[in-house]
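A.B. asks: Below is one structure. I have some questions about it.
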Amino acid sequence: MFVVGFPSGPLQANCYLLAGGADESPTDGSDRPCVIVDPGQHVMEPLAARLAEHRLTPVAVLLTHGHFDHAYSATEVSEAYDVPVWVHPGDRPLLSEPLRGVGSDLARLLGPELAMREPRRIAELTDGQAMEPAGLRITVLHTPGHTEGSVCLRVSTAAVAGSGVEPDVLVAGDTLFAGAVGRTDLPGGDPEAMTETLRSRILPLPDELVVLPGHGPATTIGRERVRNPFLRGVAPAEG
1 MFVVGFPSGP LQANCYLLAG GADESPTDGS DRPCVIVDPG QHVMEPLAAR
51 LAEHRLTPVA VLLTHGHFDH AYSATEVSEA YDVPVWVHPG DRPLLSEPLR
101 GVGSDLARLL GPELAMREPR RIAELTDGQA MEPAGLRITV LHTPGHTEGS
151 VCLRVSTAAV AGSGVEPDVL VAGDTLFAGA VGRTDLPGGD PEAMTETLRS
201 RILPLPDELV VLPGHGPATT IGRERVRNPF LRGVAPAEG
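Take a look at the structure:
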């Protein structure tokens, strides 16, 4: 699997490009398909540079949630590369009404400058959905708590899906960070839902699974199980 990520915008949200195959750029002059996860603010120029550098052609945009720092450029990316945008229906309204997802103080600060519109090509993610774009196998985990429609994406290469090999990465959005979890005090946040997400969706995952969070550095489930104070206080789901 090939993965490249970079932070973008004032809030430094991570945007990721993922493609199946070897962890290196093609050497035969061809491009390979990729998915783009969470194209946030000020992303178009660095995105284009990385697509060209690594010879990647987008086939889809996937959103871990609808907050503007992760989704602001989704429509522009969709139109520039003629690809669909996938989002959980719980967060779909945020793509056209981004101020619904922020607190009142931030809404007053951002005001009309935060205008967004829903992409023309849009599709909805559902819990347990399996997708196979760009040589990948992606399984959608609905993980509410930070927002109503937050999801994590378990990603493996399509070639090993179902072979007993654990998925390579978990693209976690703002559900799980290195040493923290997503805040639950913004509109659409729910502390009880976050606790249940951690208990039933995050803690059962294998220790070796690499986590690509929405902000900050990569980590693993095992590292967070030991070091993350928000996980240490949660009893894992039985069975």
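Each residue of the sequence shown is one higher than the last, beginning at 1 in UniProt numbering. For each residue, glycine too, the CB sits at the ideal point set by N, CA and C. Small disclaimer: the values here were computed from a predicted structure and weren't measured.
Work out the CA separation of Leu203 and Val234 for me, nearest whole Å.
C.D. replies: Approximately 9 Å between the Cα atoms of the pair.
A.B. asks: Whole alpha helix (DSSP H) runs in the region 154–223 with 4 or more residues, listed along the chain?
C.D. replies: Those alpha helix (DSSP H) runs which fall completely within the region 154–223 and span 4+ residues are 191–197.
A.B. asks: From Asp127 to Ser30, what distance separates their C-alpha atoms?
C.D. replies: Those two C-alpha atoms are separated by around 34 Å.
A.B. asks: When the Cα of Val85 is compared with those of Pro133, Gly101, Arg232 and His54, which residue comes out closest?
C.D. replies: Val85 has its Cα closest to that of Pro133, out of Pro133, Gly101, Arg232 and His54.
A.B. asks: The beta strand (DSSP E) spanning Arg92 covers which residue range?
C.D. replies: Taken as a continuous stretch (DSSP letters only), Arg92 belongs to no beta strand (DSSP E), as it is neither H nor E.
A.B. asks: Is it right to say Phe58 is buried, meaning 16 or more other beta carbons lie within 10 angstroms of its own, or is it exposed?
C.D. replies: A quick correction: the sequence has Pro, not Phe, at residue 58. When all chains shown are included, Pro58 counts as buried.
A.B. asks: Give the range of the beta strand (DSSP E) segment to which His142 is assigned.
C.D. replies: Element bounds for His142: Leu136 to His142.
A.B. asks: Taking Ser78 as part of the alpha helix (DSSP H), name the residues at either end of that continuous run.
C.D. replies: Note, Ser78: alpha helix (DSSP H), Ala74 to Tyr81.
A.B. asks: List the endpoints of the continuous alpha helix (DSSP H) containing Arg50.
C.D. replies: It spans Met44 to Glu53 - the alpha helix (DSSP H) in which Arg50 sits, taken as one unbroken run.
A.B. asks: Since Arg50 and Phe6 are thought to touch, with beta carbons under 8 Å apart, how far apart are those beta carbons, to the nearest angstrom?
C.D. replies: So it is a contact: roughly 7 Å between Cβ atoms.
A.B. asks: Pull the bridge partners of Pro58 from the DSSP assignment, please.
C.D. replies: For Pro58, which the question treats as bridged, DSSP gives the partners Cys34.
A.B. asks: Label Val35 either buried or exposed according to how many other C-beta atoms from any shown protein chain fall within 10 Å of its C-beta, with 16 as the threshold for buried.
C.D. replies: Result: buried.
A.B. asks: For Cys15 and Ala237, I'd like the C-alpha separation in whole angstroms.
C.D. replies: For Cys15 and Ala237, the distance between alpha carbons rounds to 31 Å.
A.B. asks: Among all the DSSP beta bridges, which residues are the ones paired with Met131?
C.D. replies: In DSSP, Met131 forms a bridge with Ile138.
A.B. asks: Pick from His65, Leu106 and Met116: whose alpha carbon is nearest that of Glu76?
C.D. replies: Measuring from the Cα of Glu76, the nearest candidate turns out to be Met116.
A.B. asks: Measuring straight from C-alpha to C-alpha, what distance separates Leu106 and Val83?
C.D. replies: Distance between the alpha carbons of Leu106 and Val83: 31 Å.
A.B. asks: Ala178: which of Arg223, Asp38 and Leu205 sits nearest, CA to CA?
C.D. replies: Considering only alpha carbons, the answer is Arg223.
A.B. asks: By how many angstroms is the C-alpha of Leu114 removed from the C-alpha of Ser156?
C.D. replies: Spanning the two alpha carbons is a distance of roughly 35 Å.
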